[in-house]
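Undergrad: One line per chain: the protein sequences are L and G, in this order.
Residue numbers for the first sequence follow my numbering, so the first one is 69 and each next one is one higher.
Residue numbers for the second sequence follow my numbering, so the first one is 69 and each next one is one higher.
Following this message is one structure expressed as structure tokens.
Number of protein chains: 2
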Amino acid sequence: MATTLQPAVDPYGDADEGEPLTISEAAEAAGMSVHTLRYYERAGLMPRVTRNGSGHRRYTRRDVDWLILVNKLRKTGMPIRRIREYAAMVRAGEGNEAERLELLERHRAEILARVAELQANLEAVDYKINLYRERLASR
Amino acid sequence: MATTLQPAVDPYGDADEGEPLTISEAAEAAGMSVHTLRYYERAGLMPRVTRNGSGHRRYTRRDVDWLILVNKLRKTGMPIRRIREYAAMVRAGEGNEAERLELLERHRAEILARVAELQANLEAVDYKINLYRERLASR
DNA sequence: TCTTGACTTAGAGCGCGCTCCAACTTCTAC
DNA sequence: GTAGAAGTTGGAGCGCGCTCTAAGTCAAGA
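If you want it as structure tokens, here you go:
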């Protein structure tokens, strides 16, 4: 008997994966904790996660790729809530690419704004640094 | 009207401070809420805040400048905890400029690292964006 | 058979940075 | 003098994103 429940539709777009990973292997591969993986799933951030016969999660390579992307979205400040929306679009399958694109383009603009803000405020820090350097130099 | 907010510019000289501001005026000038100003004071982020005879806070131009700096440090991700350390140094007075400089230089490095991280992860977002654009174009 | 360890769940806990509330006092304008 | 705006305090509450705990299931190896 097959050990995994295969979905009728592959939410990622393609098929066939290779050996699935356990949660700890997937956590290792994605660079996060098993706690976080379970949390992300509960939070609706995974388009799908299949289980084996005894209820254990099995992560495909695509699942891990998705986790790595989620990680990057998080590191660029995308809130869980919006990643959930994105995951829902991916789960819904093909046909909503325009929406997905719009979400990512908005996020791109936010990243650029964030970089600009950091660089602007960096100037104030640099100004202060120079002030202290001068004060120290004139002793 | 001698009581307007005049930038009589006193960037750390011993010049006149001018009329002190109430908490709501200072909040307005610094671009934050009065709640936040009180919170920052309680959290130890203010080197000093004087009170008038009846216990109301009076903010000098220097206090507001400090708040603006704190705001920039926050926006560049410096935790409250570390700003508290910095405020303690300022409160302690002259003689610890080397420590203050070190704190700011560490923060500077963290900002640069953050910018680099954002830019690196931005590439993944751009990659995805291009993917969706191509998918949409070939329809 | 027993132990070990990896997995499961629901739910609690936590650190951060505010943000607000209740109850009270003080200031300002009329 | 009085209304009401604005100030004060201690402490509660909140949204976020994890992070961990407890109690249980299950399979493999000594």
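Virtual Cβ for every residue (Gly too), placed ideally from N, Cα, C.
Strictly under 9 Å for the Cβ-Cβ distance: is G/T104 near chain L by that measure?
TA: So, not an interface residue.
Undergrad: Might you give, ordered along the chain, the residues of its own chain that have their beta carbon closer than 6 Å to the beta carbon of G/A97, omitting 5 neighbours on each side?
TA: Within the same chain, G/A97 has close Cβ partners V132.
Undergrad: Taking any Cβ of chain G, which residues in the region 139 to 156 of chain L have a Cβ under 7 Å from it, in chain order?
TA: Cβ contacts with chain G come from K140, K143, T144.
Undergrad: In this structure, how does DSSP classify G/L199 when only helix, strand and coil are distinguished?
TA: Helix, per DSSP.
Undergrad: Give the interface partners of G/D194 over in chain L, defined as CB-CB distance under 8 Å, in chain order.
TA: The answer, in chain order, is R176.
Undergrad: Judging by CA-CA distance, which residue of L/Y127, L/G112, L/T118 is the nearest neighbour of L/A94?
TA: That would be L/Y127, whose Cα lies nearest to the Cα of L/A94.
Undergrad: By a C-beta neighbour count over all protein chains shown, 10 Å radius and 16 as the cutoff for buried, is L/Y200 buried or exposed?
TA: Buried, since its Cβ has 16 or more Cβ neighbours within 10 Å.
Undergrad: Quick check: what's the CA-CA separation for L/E178 versus L/E167?
TA: Spanning the two alpha carbons is a distance of roughly 17 Å.
Undergrad: In chain G, which residues lie less than 7 Å from L/E93 when you measure between Cβ atoms?
TA: Per Cβ cutoff of 7 Å: no residues; L/E93 is ~22 Å from chain G at best.
Undergrad: Determine the contact status of L/L204 and L/H175, defining contact as a CB-CB distance below 9 Å.
TA: Not a contact, by the Cβ cut-off of 9 Å.
Undergrad: L/E55 touches chain G at which residues, Cβ-Cβ below 7 Å?
TA: The structure shown does not extend to residue 55 of chain L, since chain L spans only 69 to 207, so no value can be given for it.
Undergrad: Determine the burial state of G/A181: buried for a count of at least 16 other Cβ atoms within 10 Å of its Cβ, exposed for fewer.
TA: Counting Cβ neighbours within 10 Å, G/A181 comes out exposed, since fewer than 16 surround it.
Undergrad: If you draw a straight line from the C-alpha of L/R207 to the C-alpha of G/G163, how long is it?
TA: For L/R207 and G/G163, the distance between alpha carbons rounds to 11 Å.
Undergrad: Taking 9 Å as the CB-CB limit, is G/L169 close to chain L?
TA: Chain L, which has a Cβ nearer than 9 Å to the Cβ of G/L169, makes this yes.
Undergrad: Do you know offhand how far G/R125's Cα is from L/N198's?
TA: Their backbone Cα atoms lie some 31 Å apart in a straight line.
Undergrad: Please report how far the alpha carbon of L/R134 lies from the alpha carbon of L/R159, in whole angstroms.
TA: Note that residue 134 of chain L is Trp in the sequence shown, not Arg. When rounded, the distance between both Cα atoms is 12 Å.
Undergrad: For a contact meaning CB atoms closer than 7 Å, what does L/N189 contact in chain G?
TA: Correct list: K140, K143, T144.
Undergrad: I need the boundaries of the alpha helix (DSSP H) containing G/A97, first residue and last residue.
TA: 91 to 98 is the span of the alpha helix (DSSP H), which, as asked, contains G/A97.
Undergrad: Can you say whether L/P88 is buried or exposed, counting buried as having 16 or more other CB atoms within 10 angstroms of its CB?
TA: So L/P88 ends up on the buried side.
Undergrad: Would you say L/E165 faces chain G, with C-beta separation under 9 Å as the test?
TA: Interface residue, yes.
Undergrad: Is there a Cβ from chain L that is less than 9 Å from the Cβ of G/E135?
TA: First, the residue type needs correcting, since residue 135 of chain G is Leu and not Glu in the sequence shown. For G/L135, the answer is no, since every Cβ of chain L falls outside 9 Å of its Cβ.
Undergrad: Taking 9 Å as the CB-CB cut-off, is G/E185 touching chain L?
TA: Output row for G/E185: interface = yes.
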